[in-house]
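2 protein chains.
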Amino acid sequence: MGVGIFDSGIGGLTVFKEIAREFPKADIYYLGDTARVPYGSKSKETIIRYSIEAANYLRGFSIDALIIACNTASSYALDILKEKMDIPVIGVVEPGVEMALKYTKNNKVGVIGTTATIRSNSYKRLLQEKGIQVYQKPCPLFVPLVEEGITEGKIAEMIVKEYLDDLVKEGIDTLILGCTHYPLLKETIKKLYPDINIVDSSQAITQFLHKEEINLQGNGIREIFITDKTESFEKFKKLLVGDIPLKKIELSQLCSL
Amino acid sequence: MGVGIFDSGIGGLTVFKEIAREFPKADIYYLGDTARVPYGSKSKETIIRYSIEAANYLRGFSIDALIIACNTASSYALDILKEKMDIPVIGVVEPGVEMALKYTKNNKVGVIGTTATIRSNSYKRLLQEKGIQVYQKPCPLFVPLVEEGITEGKIAEMIVKEYLDDLVKEGIDTLILGCTHYPLLKETIKKLYPDINIVDSSQAITQFLHKEEINLQGNGIREIFITDKTESFEKFKKLLVGDIPLKKIELSQLCSL
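What follows is the structure in C-alpha cells.
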C-alpha cells in the first residue's frame with residue numbers, strides 16, 4: 026500500500042521520516058513544491074490551486090492514501106481535496122487536535138503556525154468544538170530561522186520568547202506546533218518552557234494512522250520529488266532523511282494539470 | 026516614456042517610490058511576482074525562468090525600458106534579458122557598484138543580500154574589477170524581519186549585529202544593501218554602525234538613470250500588478266506608495282508565455 030505525502034517545501038520531511046520509521050514497508054512518494062515555497066504567506070485561492078496541482082501529480086503513482094503534510098495546505102485545501110480525490114486524504118490538523126486533547130489537563134491550548142494557517146482558524150474551530158480555550162499566534166520568523174539552521178542559541182531563544190511568552194502567560198499547558206518546520210525548534214521551546222506539552226504534527230499523524238487502523242504496506246519504495254533544487258534543500262533533506270535522493274521535476278508538470 | 030519595473034515581490038516598491046519621486050511624469054508599470062516570492066532561496070534555472078516570464082508580461086505595456094528591481098533576478102537573469110528584450114534592461118547591481126565606488130575611501134566594501142545573490146558573486150566580480158576588496162554575507166533573515174515589520178528594536182538589532190559585525194570588523198567603510206527589502210533596516214544599521222556609508226539600490230538606480238541621461242516622461246500612469254494578494258502585501262505597499270491599488274493578475278498569464 027502506497028502513500029503520497031505533499032508539502033509546500035521540505036519541512037514535511039519531518040512527517041516522511043516518522044511514517045518511514047513507523048511503517049518501514051510502506052511505499053512513500055513525497056512531493057515538495059520548493060519552486061513556490063512558502064505557501065504560508067500566500068492567499069487562500071493560490072494555496073488551493075497549488076495544492077490541487079500537487080495532489081494530482083502524486084495521484085499518478087500507485088498510492089492508496091494522500092497525506093497533506095503542510096499545515097497551510099491542510100487548513101485551506103483539505104475539504105476540496107477530499108471531494109476531488111478518489112482515495113482517503115488526511116491532513117495534519119485533525120491528528121494534531123486529537124493529540125492535544127489527550128495531553129491537555131486544564132483545557133487551555135496554544136496553537137502556532139504560519140500567518141495563513143492561523144488566519145484560517147482551522148485548529149481553533151476543531152478545538153473549540155471540544156470546549157477548549159484556544160490561544161493562537163502566527164510565528165513567521167520560525168521557518169526562516171529553521172531553514173537558516175538557527176534552531177538553538179541566543180537568537181533562537183530570543184525569537185521563541187518573543188512569540189511564545191504571551192501564550193504561556195495565558196496559562197496554556199499544551200502547544201500545537203502547527204507547521205512542519207517547527208519540530209526543529211522543539212528542543213529550544215522545551216528548554217524555555219519545560220512544563221508545556223508539545224504536539225508535533227509528524228508524531229500526531231502516525232498516531233492517527235494507527236488509530237484509524239491504516240496499516241501502510243508495500244516494498245519500502247522511497248521517492249522524494251521537488252520542483253526546485255538548491256544546496257540548502259539538499260542539506261536540510263540530508264539532516265532529516267539521509268541519502269534518499271531529491272528528484273527534481275519541472276513545475277510545468279504541475280502547471281499543466 | 027514608460028518604464029517597467031519587475032521584482033520577485035513587493036520589496037521593489039522601494040525602487041518604484043524613488044523613481045516616481047524623481048520622475049513624476051513617468052508612466053510606471055510594476056510587476057511583483059508575489060505568488061512565487063521569494064526568489065532568493067531558489068535555483069538559478071528557476072530564477073531565470075520566472076524572470077523571463079515577468080519581463081514578457083511587462084513588455085505587453087507601452088514601455089521603453091525595463092528595470093529589474095530584484096537583486097536576485099538582476100544577478101542571474103540580466104544578461105539573458107538584455108539579449109531577449111528589444112528595449113534597454115537595467116539591473117540594480119551595476120548602479121549599486123557605481124555608487125559604492127563613489128563612497129569608498131579605503132576600497133573595502135561589504136555586500137549583503139539573499140543567499141542566491143551572494144552565491145552569484147555579481148557585485149563581487151564588478152567591484153573586484155575596480156580593485157576593491159569585497160566582503161560578502163548572505164542575510165536570509167532580513168527579508169522575513171522586514172516583512173514582519175520588525176525593523177527596529179532589540180530583535181532587529183541583534184540579528185543585524187549577528188550578520189554585520191564580521192563585515193565591519195574587516196574594516197569596510199561602505200556597505201551595499203543588495204536586496205530591495207533591506208533599505209527598511211537602514212535606520213537600525215546606521216544606528217549600530219554610524220560611520221559606514223550605505224548604498225541603497227533604490228537611490229543608486231535613480232542616480233544611474235540621471236547619469237545615463239534616461240529622462241522618463243509620460244502621463245504619470247502608475248500601475249502595480251501582483252500575482253497573489255494578501256493583507257500583508259497590502260500593508261507593506263501602503264507603507265511605501267500609499268493608495269495606488271494592487272491589481273492581481275493570474276499566474277497563468279505568466280505561466281503560459
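Keeping their order, the protein sequence lines are chains A and B.
The opening residue of the first sequence carries number 26 in my numbering; numbering runs sequentially from there.
The opening residue of the second sequence carries number 26 in my numbering; numbering runs sequentially from there.
All C-beta atoms, glycine included, are put in the ideal place defined by N, C-alpha and C.
As the structure is a prediction and not an experimental result, all values here were calculated from the model.
Contact with chain A by residue i, beta-carbon distance below 7 Å
i	result
B/K254	yes
B/S68	yes
B/E78	no
B/E237	no
Residue i classed as buried or exposed, judged by whether at least 16 other C-beta atoms fall within 10 angstroms
i	result
A/P83	In the sequence under discussion, the amino acid at residue 83 of chain A is Leu, which differs from the Pro named in the question. A/L83 is buried by the Cβ-count criterion.
B/I230	buried
B/Q153	exposed
A/P63	buried
A/G174	exposed
A/G29	buried
B/P270	exposed
A/H206	buried
B/Q228	buried
B/L234	buried
B/L131	According to the sequence as given, residue 131 of chain B is Asn; it is not Leu. Exposed: under 16 other Cβ atoms inside 10 Å.
A/M183	exposed
B/E238	exposed
B/N96	buried
B/E108	exposed
B/D10	For chain B, the structure presents residues 26 to 282; residue 10 of chain B sits outside this window and is missing.
A/D190	exposed
A/P163	buried
B/E120	Here residue 120 of chain B is Pro; the residue named in the question, Glu, does not match the sequence. Under this definition B/P120 is a buried residue.
B/E212	exposed
B/D104	exposed
Whole-number beta carbon distance between residue j and residue i, since they are thought to touch under 8 Å
i	j	result
B/R61	A/R61	5 Å
B/A98	B/S76	4 Å
A/Y160	A/N222	Not quite, the Cβ-Cβ distance comes to about 14 Å (not below 8 Å), so this is no contact.
A/L106	A/A80	5 Å
A/L166	B/P169	5 Å
B/T255	A/K67	7 Å
A/K69	A/L265	No, A/K69 and A/L265 are not in contact; Cβ-Cβ is about 29 Å, not under 8 Å.
B/K133	B/I180	Contact doesn't hold; Cβ gap of about 29 Å is too wide.
B/S100	B/V118	6 Å
B/L200	B/G138	About 11 Å separates the two Cβ atoms, so there is no contact after all.
B/M26	B/D111	Actually they are not in contact, since the Cβ atoms of B/M26 and B/D111 sit about 15 Å apart, beyond 8 Å.
A/L210	A/V185	6 Å
A/I251	A/F261	About 11 Å; that fails the 8 Å criterion.
B/L279	B/E78	4 Å
Contact with chain B by residue i, beta-carbon distance below 7 Å
i	result
A/A5	The structure shown does not extend to residue 5 of chain A, since chain A spans only 26 to 282, so no value can be given for it.
A/E286	Given a span of 26 to 282 for chain A in the structure shown, any question on residue 286 of chain A remains unanswerable.
A/L166	yes
A/T71	yes
Within chain B, partners of residue i - CB distance below 7 Å
i	result
A/P169	P165, L166, P169
Neighbour list for residue i in chain B, Cβ cutoff strictly below 8 Å
i	result
A/E187	I180
A/I184	I180
Chain-ordered chain A contacts of residue i [CB-CB under 7 Å]
i	result
B/C326	With chain B covering 26 to 282 only, the question about residue 326 of chain B has no answer from this structure.
Interface residues of chain A facing residue i [CB-CB closer than 8 Å]
i	result
B/E173	P165, L166
B/S257	S66, T140
>> Under 8 Å, with one C-beta from each stretch per pair, do the stretch 48 to 64 of chain B and the stretch 31 to 38 of chain B reach the 3-pair mark?
In response: Between the stretch 48 to 64 of chain B and the stretch 31 to 38 of chain B there are three or more C-beta pairs closer than 8 Å, enough to call the two in contact.
> If we count Cβ pairs, one from each stretch, closer than 8 Å, do we get three or more for the stretch 237 to 252 of chain A versus the stretch 42 to 53 of chain A?
Replying inline: Contact holds: three or more Cβ-Cβ distances are below 8 Å.
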